[in-house]
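Notes follow the structure.
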Amino acid sequence: MPRTETIKNGSVLADHQGNLIQIMAANQALIEVTADNDFDLMKGAYHLGNRHVPLMLTPKALYFEPDHVLEAMLHQLGLHTQAVQAPFEPETGAYKGEHGGHSHSHSHNRSHSHGHSDNHQHNHSDAHSHSYEHTHD
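For what it's worth, our numbering labels the leading residue of the sequence shown as -14, then goes sequentially.
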């Protein structure tokens, strides 16, 4: 199977001998997010995506793994949440499973580095001095 393929509920895999295996996703604890209108649901998706939360999207709800801080944020936005049990198939994103800042090699023995910088630096001056003198031996 190519590395860019995502295994999903219902996917069928074959081994080298022709045996078939069907993937059956297990239910797990999730938080279901709903809204009174599509725009509010879209706002919730925006705020969760901005925090890089793995997110499963459906036309009328969002789903993510339980996190009470995220639930509180969504409530402040006027969204509704409830705990549910369901298979979790989050969106893979535009890069289909690629992650920033990784490297891998191919059969031609050359390494490809992908240095996607997610660094966000903030310079805060915490410098201070002491009014007493001391020496080191």
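Think of the CB as a built atom: it goes at the ideal place given N, C-alpha and C, for glycine as much as any other residue.
Values in this document were obtained by computation on a predicted structure and should not be read as measured data.
* Asked: So the beta strand (DSSP E) Glu74 belongs to, where does it begin and stop?
  -> Where Glu74 is concerned, there is no enclosing beta strand (DSSP E), given that its DSSP letter is neither H nor E.
* To do: Enumerate in chain order the residues of its own chain whose CB-to-CB distance from Gly82 is below 6 Å, with the five nearest sequence positions on each side excluded.
  => The pLDDT assigned to Gly82 is 49, lower than 50, so where the model puts this residue is not dependable; a value taken from the coordinates is nonetheless given after this. Hits under 6 Å: none found.
* Asked: Roughly how many angstroms separate the alpha carbons of Glu76 and His1, rounded to a whole number?
  -> Rounded to the nearest angstrom, the two C-alpha atoms are 29 Å apart.
* Say whether the region 48 to 63 touches the region -10 to 9, bearing in mind that this needs 3 or more beta-carbon pairs closer than 8 Å, one atom from each stretch. => Judged by Cβ distances under 8 Å, the region 48 to 63 makes no contact with the region -10 to 9, as fewer than three pairs qualify.
* Neighbour-count burial assignment, Lys54, 16 or more Cβ in a 10 Å radius -> According to the sequence provided, residue 54 is Val. The question's Lys does not apply to it. Val54 counts as exposed, since fewer than 16 other beta carbons sit within 10 angstroms of its beta carbon.
* To do: Provide the residue span of the beta strand (DSSP E) that contains Glu17, from first to last.
  => It spans Gln13 to Thr19 - the beta strand (DSSP E) in which Glu17 sits, taken as one unbroken run.
* Classify Ala130 as helix, strand or coil using the three-state DSSP reduction. => One cannot answer for residue 130 here, as it falls past the ends of the chain, which runs -14 to 122.
* Asked: Beta carbon of Leu15, beta carbon of Ala57: below 9 Å?
  -> Not a contact, by the Cβ cut-off of 9 Å.
* So, helix, strand or coil for His65, using DSSP? -> Residue state, collapsed to three classes: strand.
* Asked: Since Leu33 is in the alpha helix (DSSP H), which residue starts that stretch and which ends it?
  -> Element bounds for Leu33: Asp23 to Asn35.
* Asked: Considering only the beta carbon of each residue, do Ala68 and Glu17 sit closer than 9 Å?
  -> Result yes, Cβ atoms of Ala68 and Glu17 sit closer than 9 Å.
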